[in-house]
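Everything in the sequence shown is counted per our numbering, starting at 1259 for the first residue and increasing by one.
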Amino acid sequence: MSPPHYIFKNGLRYVEPYMYDKYTTAKGPWVGKTILDVMSTLFIGRNIQYYKDLINSGGLTVTRSIYTQDPETSQKKRVKKVISGPSLFEEVLQSRDLVHNQVHRHEVPVADSPIRVIEETLDYLIIDKPAGIPVHPTQGHHYNTILEILKHENARLSEYECELQVCHRLDKLTSGVMILAKNKQTHRAFYDKISDKSSVFKEYVARVHGRFPKTLTRKERIVLVDPFKMYRRGGVQNPTPAKTEFELMSYNTELDQSIIKCKPYTGRKHQIRIHLRNSGFPIVNDSLVKRFGTG
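See the structure below:
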């Protein structure tokens, strides 16, 4: 992909829309279905006519590996067959088919906040991650991520010798210290160290609604959430055990808000936010969690 063109407006960082080639290997549930069946299931909100037009224009194709016999050597050789155009409407997907989807990507804007470098060596980079920016490419973000912004603003981090990798992650809405490795060896060393729960632990500071007790421990099963149902229990699948300890740091009577220390003993997605919400002390300005009820 070509380098991004950033646009800054009203405190936000935008990326100028661009063409993006997405490649996906056919997954088990896709096998035996047409590409239209798959797309209409995966992207319910998208009009099926969009994908029909994409197929007709060649923007959606399938590459399949097939084996043929070499007439000269009588040996089998693998060749790639590209299936495109109207013939793709009736073609059913096979295992390991490569689906190519060309899209005009419009990234979600993020906060235009500086990424402060705390320390840098030949092997690692320590930064102060601002809130409002995801760490690595995810749904709706590629260039508008910590990794890509760092590479764009620091040419040395885009060099071939530099393989910038995240040693641990912070959620998009979370700010704090982050360690990034510049090579695989350093990444492995930091990852192994951080994985040793007996010597390394994480602590977070949160501002929540209400007068928080002096201490609080939550032990409950964290859920996997249907993104269309947010945190509602209708989206629960395969709950997993989780534990977080909380400690009151200060309380503001005027705002009726508390500053607390959070120490997770497990690493479930949104663990701290869910535990606080379920305790009746939701994080201030957390747009994903309703203040009242467990809803």
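A virtual CB, placed ideally from N, CA and C, is assigned to each residue, including glycine.
Return the Cβ separation of Ser1479 and Pro1497 in integer angstroms, given the expectation that the two are a contact with Cβ distance under 8 Å.
Here residue 1479 is Arg; the residue named in the question, Ser, does not match the sequence. Indeed they touch by this definition, with Cβ atoms about 3 Å apart.
Chain-order list of residues whose beta-carbon lies under 6 Å from that of Tyr1325 (same chain, five-residue window excluded):
Lys1334 and Arg1336
Under 6 Å Cβ to Cβ from Arg1374, same chain only, skipping five residues before and after it: list those, please.
Asp1386
Mapping DSSP to helix, strand and coil, what is Thr1502?
strand
Going by DSSP, which residues form a beta bridge with Cys1520?
Tyr1462 and Phe1504
Mapping DSSP to helix, strand and coil, what is His1362?
strand
Distance between Glu1461 and Ser1508 (C-alpha atoms, nearest Å)
16 Å
Might you give, ordered along the chain, the residues of its own chain that have their beta carbon closer than 7 Å to the beta carbon of Phe1550, omitting 5 neighbours on each side?
For Phe1550, the predicted model reports a pLDDT of 42, less than 50, meaning its position is unreliable; a value from the coordinates is still stated below. None.
Would you call the stretch 1416-1428 and the stretch 1358-1370 touching, i.e. three or more CB-CB distances under 8 Å?
no
Could you say which of Lys1430, Val1424, Lys1339 and Ile1530 lies nearest to Asp1450 if we only look at CA atoms?
Val1424
Just reading off the beta strand (DSSP E) that Gln1327 is part of, what are its end residues?
Leu1318 to Gln1327
Along the chain, where does the beta strand (DSSP E) that runs through Tyr1281 open and close?
Tyr1276 to Thr1283
Compute the distance between the beta-carbons of Pro1262 and Tyr1401, then report whether it is under 9 Å.
yes
Under a three-way DSSP split, which group does Phe1557 fall into?
Residue 1557 is absent from the model: the chain starts at 1259 and stops at 1553.
Does the distance from the C-beta atom of Tyr1382 to that of Ile1437 stay below 9 Å?
yes
Which one of Lys1519, Lys1285, Arg1304 and Gly1398 has the shortest CA to CA distance from Leu1356?
Lys1285
Considering just the uninterrupted stretch of the alpha helix (DSSP H) at Tyr1449, what are its terminal residues?
Lys1442 to Ser1453
Report buried or exposed for Gln1529, applying the criterion of at least 16 other Cβ atoms within 10 angstroms of its Cβ.
buried
In angstroms, rounded to a whole number, what distance separates the CA positions of Glu1348 and Trp1288?
14 Å
Report the partner residues of Gly1434 according to the DSSP bridge assignment.
Lys1387
Just the C-alpha distance for Asp1279 and Ser1342, rounded to the nearest angstrom, thanks.
15 Å
Round the Cβ separation of Leu1506 and Pro1471 to the nearest angstrom and send it over; I've been treating them as touching at under 8 Å.
7 Å
Residues bridged to Thr1396 [DSSP beta-bridge criterion]:
His1399
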